[in-house]
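Remarks on the structure that follows.
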Amino acid sequence: MNGLEIVWAIVVINIVYVSLFTLRIIWVMKSQQLLASLLSMMSCASKAAALLAGMPTGVTAGVWS
């Protein structure tokens, strides 16, 4: 991967992760805990997949919950 591909991958991962995080917060606020917990598992799995693929994900490291 060249530098531009890595930057693009980081941007996409961050957009997806923040979108999932936002949906999870909305569902928790609307008392949809089951949907929020399922979404949490999906977002953690996508983060783990990115880490296993060797993609730098330090930008979202502080968003873990």
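Taking the working numbering, the leading residue of the sequence shown gets 1, the next gets one more, and so forth. Glycine residues also receive a C-beta, built at the ideal position from the N, C-alpha and C atoms. Predicted model, so just to flag it, every value in this text is computed and none were measured.
Here K47 carries a helix assignment [DSSP, helix/strand/coil].
Of the residues assessed, I13 falls on the buried side of the cut-off, its CB having 16 or more other CB atoms within 10 angstroms.
In this structure, L39 places its C-beta atom within 9 Å of the C-beta atom of R24. Going by C-alpha positions, T22 is about 29 Å away from G3.
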